[in-house]
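According to our numbering, the sequence shown is numbered sequentially starting from 203.
A virtual CB, placed ideally from N, CA and C, is assigned to each residue, including glycine.
In this text the structure is predicted, and so the values were computed from the model without any measurement.
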Amino acid sequence: MDSRNSSSILNTLQSDSEPKPDRPVTNPGAAAPWYFATVPAQEIVPVTNARFESSVPGIYVIGDVTGLPLVKIAANQGVEVIAAMQRGGDFDGSKQNDGLDLVIIGGGPAGLSAAIEAAKLDLRYVVLERDRLASTIRSFPPGKKVYAEPQSLANSSQLDVEQDLDRDDFLNRITALVEQNQLKIQEGADVQHVRKLASGHFEVVTTDGKSFPTRRVLVAIGRQGQPRLLECPGAENSSKVTYRLHSPEDYHNKDLLVVGGGNSAIEAALLLRDHNRVTLSYRGDNFYRAKDENRQLIEAAERNGELTILYQSHVKGIDESGAEIEINGQRRRVPNDFVIVQIGTLPPVPFLMDMGLELDGIWTMRRVVMSFIGLIVGFLIYFQAKYFVLLPEKAGTGKILVPMAETLQRLWSPSIINLLTGTILPVLCSVSLGMWLINRQQVLRGRQRLLPIPALGSWLCASGLLYAATFVAPSALTLDATEVRPGPYYVPGFAWLFRFISPYFSNVYGFYYLAYFSAITGFGLYWAKKSGHPLIWRRNLTIIATQWTLWWGIPTFLAVTLGRNVWTPVASKLINAWPLNMTAFRVDPVVNNGDPEWWHTVAVVGVVWAVFLTFVVIPLFTIRWGKIYCSYICSCGALAETVGNGFRHRGPKGDAPRRWERFGFVFIALASVATVADLLGLAGPFEWYNMYVGTALAGAVAIGLYPFLGQRIWCRMWCPLAFWMNFWGRWSKFKISAVKGKCIDCNVCNQYCQMGIDIKSRALQGLPVTLDATPCVGCAECVVRCPMNVLHLGELPATTTSSLLPILNQAPAGVNS
């Protein structure tokens, strides 16, 4: 293995070669595959667990690529990931094997911090850097700061990230750190691919053909290595077009075209304006993504005639003498000597996919298949569960005829079926589960699997199928047409539960709701404890209290203790408003012929309250407090904020989903038509709405797709009550305020917004999130997760000093908790 020592690198670190126009370096080993994403490119991050391990065991991911572009956090992750590997036994017995213990891909703050920790453990490691150490920071314009945010977060690494430093000072300190620790680094080592070997170890191969066998791989490549390309004729002109401003001194008395509207583009234009004639081309009509200070400086420079800004402009072509730019449909020629493109960067999606990593926001074939399974489970629960019971005495005497029963009888004799379900399958499942447990321990210790048995999920599914075939099928299914009769059908194996709970829940559908609200309690406490933030504790405890009292607890308790009574249906209307509760305006489900007369009076009072709740309380509540009904009271939102909290980053983002949300008002119209028809005695529209909207969309589809489309797809796209509140939200006092000039464009708020709101764009401008323009439900996750403490519920506090926020103590973005 050809590994350069640290002294050979220090010369490179200390002597900046003369910058020149260039093309972005691409990875030839990772051709861009086709993929379907439900989030913008900047929100695509690898799925990792609490140990920073990816979906490929043995490959770990830290740093900017996980979605947090903060130097201090990246440096701390370098410390934490090596400690996690050490605790997990990844390096046990390392001296007995050939090759390296660890290959670190990327020489930024995260990679260097990890290398220092690896050196402390006397591991055999190497850092492979495609360009030069700290290349992202090296590409900063001279004088640009490297911020040590968040200030309240303790630095556990050896990198000097306790104070803000300018680019050159930071690079000098990195140089000293490399020399002091004698780090083993190879610059210019562009990794072509990473392959997992049969032994469970890896082979890392660079574009120049060098191979690095290793036990573990740590990806710390950042997100800034691949500039977004300008797409127009002439953009490939490498002698004229550059994607990095290496040094302003390279340009003197030149006509320069800077393309972009973010902080990098603005800073480049400002640095170049003194000795050149600068034109800044930007496709937008204002610099909303830029820091307030930069925005003021660039606007002042334009007013003073120091440079020219072309708003709403698009570069259509570049040649040797200039560029063709379209402005509001009109073409204009702008002479220039060089074009400096600063339009952002692309995440290294092809490289990550080539390694086999699962990425949040990207739909793989596995995710498509799993989503179909989720839909099937959802439909079984919401459409079929009511036909099954868990107590034998509640079941009927009939069974369900198996499709193609006669064919199956010809192909399989009863003796073969009994042998298969009663002996062979249980033995195979037991052996497989045992092998999985053994292999799990082997992997944790960094050893080779005894047999390549898939993950636990597959065998849990197999166990479920085995249980269904061995117990459920004989109880509920038949091949004999003479045994077919209506249900309910008995599902064995759960009768013991009813020693502790009421037989009222023996119907599978009823038991599902007991599990539903129990899960809300368990997950609500879990996420509140994990977060530790007062806002999350307040939200989740309120959710638990409302669900187990007014929403479901009291109405169900009355039904369990009193049987059929007038109070249960009336109590269910106390906070469950129309049009979410489609029976809110009904009297007849409460009172039937033969019931006491005073029941009718109670039922009418319930309807009057339902009307008052829907048309007075809900609008006033929304105007005063926003849509926190969705996050604190509603049972759909309760499940979303607790059980579904781990999937909030899976929600579709971008312009297209926001356009689709506008059609949600159609569901208010449909609910209104169904309700009026029902009150007039026409059952058809109500039944149709209840089946396709109230049951299919709200239940089977929305909950079945939790892990794939986020936990708020119903609330965003289809819930009529949510859109009723959206209407009143235009007058709401609710807002989430942003500290102007403090946002670092990290995208964490957008990534974890379950409603798909572009919070970051507002925070960059210091603008609040309001209900006038967004469907915000006030869950406060953006407030809690913001690493810079930029966002605040309501008005900004008198002081806005940052505090240690829970996300900094949790797994990185994309965590699969």
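Whose C-beta lies closer than 6 Å to the C-beta of residue i among residues of the same chain, with five residues either side of it excluded?
| i | result |
| --- | --- |
| ALA670 | none |
| ALA902 | GLY580, PHE581, TYR584 |
| LEU899 | TRP920 |
| ALA904 | ILE915, TRP916 |
| LEU815 | ALA779 |
| GLY726 | ASN742, ILE745, ILE746, THR844 |
| PRO560 | This sequence places Glu at residue 560; Pro is not what is there. Answer for GLU560: VAL249, SER257, listed in chain order. |
| GLY462 | GLN544, ILE545 |
| GLY345 | ASP368 |
| VAL407 | GLN394, HIS395, SER413 |
Find the nearest neighbour of residue i within the set the options, judged by alpha-carbon distance.
| i | options | result |
| --- | --- | --- |
| TRP933 | ILE820, THR897, THR877 | ILE820 |
| THR897 | SER720, TYR584, GLN288 | TYR584 |
| TYR728 | ASN742, ILE520, TYR715 | ASN742 |
| ASN538 | GLU522, ALA842, TYR831, ALA779 | GLU522 |
| ASN952 | ASP857, TYR692, PHE867 | ASP857 |
| ALA336 | ALA276, ILE746, LEU323 | ALA276 |
| HIS448 | LEU923, ALA391, VAL263, VAL543 | VAL543 |
| GLY576 | GLY906, PHE936, ASP947 | GLY906 |
| ARG534 | LEU512, MET555, VAL551, VAL541 | LEU512 |
| ASN455 | PHE540, TRP698, ASN530, ARG485 | PHE540 |
| VAL818 | ALA470, PHE293, MET927 | MET927 |
| LEU554 | ARG852, VAL258, LEU973, ILE946 | VAL258 |
| VAL710 | LEU593, THR684, ASN795, ILE722 | LEU593 |
| GLY507 | ALA471, ILE520, TYR831 | ALA471 |
| GLY695 | ILE387, SER708, TYR894, ALA467 | SER708 |
| ASN278 | ALA312, ALA252, ARG568 | ALA312 |
So residue i is in the alpha helix (DSSP H); what residue range does that whole segment cover?
| i | result |
| --- | --- |
| ARG505 | 494 to 505 |
| HIS802 | 799 to 814 |
| GLU863 | 857 to 863 |
| PRO922 | 922 to 931 |
| VAL895 | Counting along the chain, VAL895 falls outside any alpha helix (DSSP H), and DSSP gives it neither H nor E. |
| PRO705 | It is not in any alpha helix (DSSP H) - PRO705 carries neither H nor E in the DSSP assignment. |
| ARG568 | 567 to 581 |
Enumerate in chain order the residues of its own chain whose CB-to-CB distance from residue i is below 7 Å, with the five nearest sequence positions on each side excluded.
| i | result |
| --- | --- |
| ARG918 | GLU863, MET957, GLY958, PRO977 |
| VAL985 | LEU737, ILE938, LEU993, HIS994, LEU995 |
| GLN244 | PRO549, ASN949 |
| GLU199 | Lying outside 203 to 1019, the shown extent of the chain, residue 199 is not represented and no answer is given. |
| ASP960 | ASN952 |
So residue i and residue j are supposed to be a Cβ contact under 8 Å. How far apart are they, rounded?
| i | j | result |
| --- | --- | --- |
| GLU389 | ARG334 | 5 Å |
| VAL686 | PHE590 | Rounded, the Cβ-Cβ distance is 16 Å, inconsistent with contact. |
| LEU458 | ASN478 | 5 Å |
| VAL419 | ILE318 | That belief does not hold up - the Cβ atoms of VAL419 and ILE318 are roughly 18 Å apart, past 8 Å. |
| ALA761 | THR748 | Not really, about 18 Å apart at Cβ, beyond 8 Å. |
| ASP494 | GLY968 | 6 Å |
| VAL979 | GLY848 | Not a contact, Cβ separation roughly 17 Å. |
| LEU281 | SER359 | Checking the sequence, you will find Val at residue 281 rather than Leu. That belief holds up - the Cβ atoms of VAL281 and SER359 are roughly 5 Å apart, short of 8 Å. |
Residue i lies in the beta strand (DSSP E); which residues open and close that run?
| i | result |
| --- | --- |
| HIS994 | 993 to 995 |
| VAL406 | 404 to 408 |
| LYS322 | Not the beta strand (DSSP E): LYS322 falls in the alpha helix (DSSP H), residues 311 to 322. |
| PRO415 | 413 to 421 |
| ALA470 | From DSSP, ALA470 is part of no beta strand (DSSP E) but of the alpha helix (DSSP H) over 465 to 474. |
| ILE938 | 937 to 940 |
| LEU361 | No beta strand (DSSP E) contains LEU361, which DSSP labels as neither H nor E. |
| GLU331 | 327 to 331 |
| VAL543 | 540 to 543 |
Can you tell me whether DSSP reads residue i as helix, strand or coil?
| i | result |
| --- | --- |
| GLY524 | strand |
| GLN288 | helix |
| SER963 | helix |
| LEU458 | strand |
| GLN1020 | In this structure the chain extends from 203 to 1019, so residue 1020 is not present and cannot be described. |
| TRP729 | helix |
| TRP739 | helix |
| ARG479 | strand |
| SER449 | coil |
| ARG334 | coil |
| GLN353 | coil |
| GLN532 | strand |
| SER151 | Since the first and last residues shown for the chain are 203 and 1019, residue 151 lies out of range. |
Near residue i, what residues of its chain come up, given a Cβ to Cβ distance below 8 Å and the 5 sequence neighbours on each side ignored?
| i | result |
| --- | --- |
| GLY301 | ARG326, HIS403, PHE414, PRO415, THR416, ARG417 |
| ALA239 | ILE246, GLY563, ILE564, TRP565 |
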